[in-house]
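Chains as they are written, first to last, in our numbering: chain A, 1 to 117; chain B, 1 to 148.
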């Protein structure tokens with residue numbers, strides 16, 4: 001009886017998980033922290049993964065993104081980070097670190113602005 | 001009786017407040033010099049260290065359970081650095097760590113097993129969830145007063 005119940009529970013959990021994946025069940029969150037004065041949104045922000053820009057820049061703050069479920073992919077969180085960077089007025093998001101788990105993916109980077117136009 | 005209830009409620013609230021915060025942090029001085037706690041604005045170097053100044057200690061903050069984002073964690077990192085007397089922070093590492101956590105929930109079932117009697121079985125059902133910890137680690141730094 002116990003064995004039957006365990007099998008039924010496992011089937012329910014598996015079905016729920018499969019349904020979630022197939023239906024595109026996912027969500028995300030983004031965060032930012034300003035080091036100083038906030039800036040108006042920019043046209044586009046470049047993303048530098050594990051790297052620094054090769055031009056002079058000033059640090060404006062930190063931006064962070066987390067994707068869950070079907071949004072827990074590296075391309076998706078990098079896109080979230082770039083969009084959040086643009087909203088925060090960053091010219092670029094530098095020193096980006098992406099960490100992938102089983103069901104979620106995290107990315108964090110430094111919002112920078114170019115010193116020279 | 002009322003006093004007893006209030007006492008238990010306060011104890012439970014205290015335990016909850018003490019044990020359920022998702023933020024933990026530490027600061028380790030790396031110099032013998034003890035400096036007074038600083039307050040106010042602090043300089044932040046998140047991509048590379050400044051060319052001047054000296055290290056006062058190592059600081060780290062870690063958050064989970066909904067308190068795992070920079071908005072919550074960075075102020076705690078600043079507080080830790082200022083506790084060592086720093087007027088600047090160098091952020092050396094920031095990122096996430098994941099771990100799978102399995103918890104067991106006991107389910108009890110009753111079924112008839114004789115005339116006017118019931119028997120019970122207990123099953124421990126494992127549930128595995130993934131937890132994320134966001135970590136910020138850096139150095140408490142002292143810039144010379146004349147430095148910008």
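C-beta atoms are modelled at their ideal positions from N, C-alpha and C, and glycine is treated no differently.
For residue 143 of chain B, the three-state secondary structure derived from DSSP is coil. Residue burial annotation: residue 85 of chain A is buried, with at least 16 other C-beta atoms found within 10 angstroms of its C-beta. For residue 71 of chain B, the enclosing alpha helix (DSSP H) stretches over residues 70–83. If you check the CB distance, residue 33 of chain A and residue 74 of chain B come in under 9 angstroms. Here the segment 36–53 of chain A makes no contact with the segment 80–92 of chain B; the two share fewer than three CB pairs at distances below 8 angstroms. Counting only the Cα atoms, residue 58 of chain A lies some 19 angstroms from residue 83 of chain A. Across the structure, residue 64 of chain B and residue 113 of chain B are spaced so that their CA atoms are roughly 46 angstroms apart. If you compare the alpha carbons of A:92, A:91, A:96 with that of residue 93 of chain B, the shortest gap goes to A:96. Annotation note: the segment 66–105 of chain A contains the following uninterrupted beta strand (DSSP E) runs of length 3 or greater, listed N- to C-terminal: 92–100.
Here residue 43 of chain B carries a strand assignment [DSSP, helix/strand/coil]. Nearest neighbour of residue 104 of chain A by Cα position, chosen from B:98, B:102, B:109, B:103, turns out to be B:98. A contact is defined here as three or more CB-CB pairs under 8 angstroms, and the segment 104–113 of chain A meets this definition with respect to the segment 64–81 of chain A. Residues of chain B with a Cβ closer than 7 angstroms to the Cβ of residue 31 of chain A are, in chain order, 69, 70, 71.
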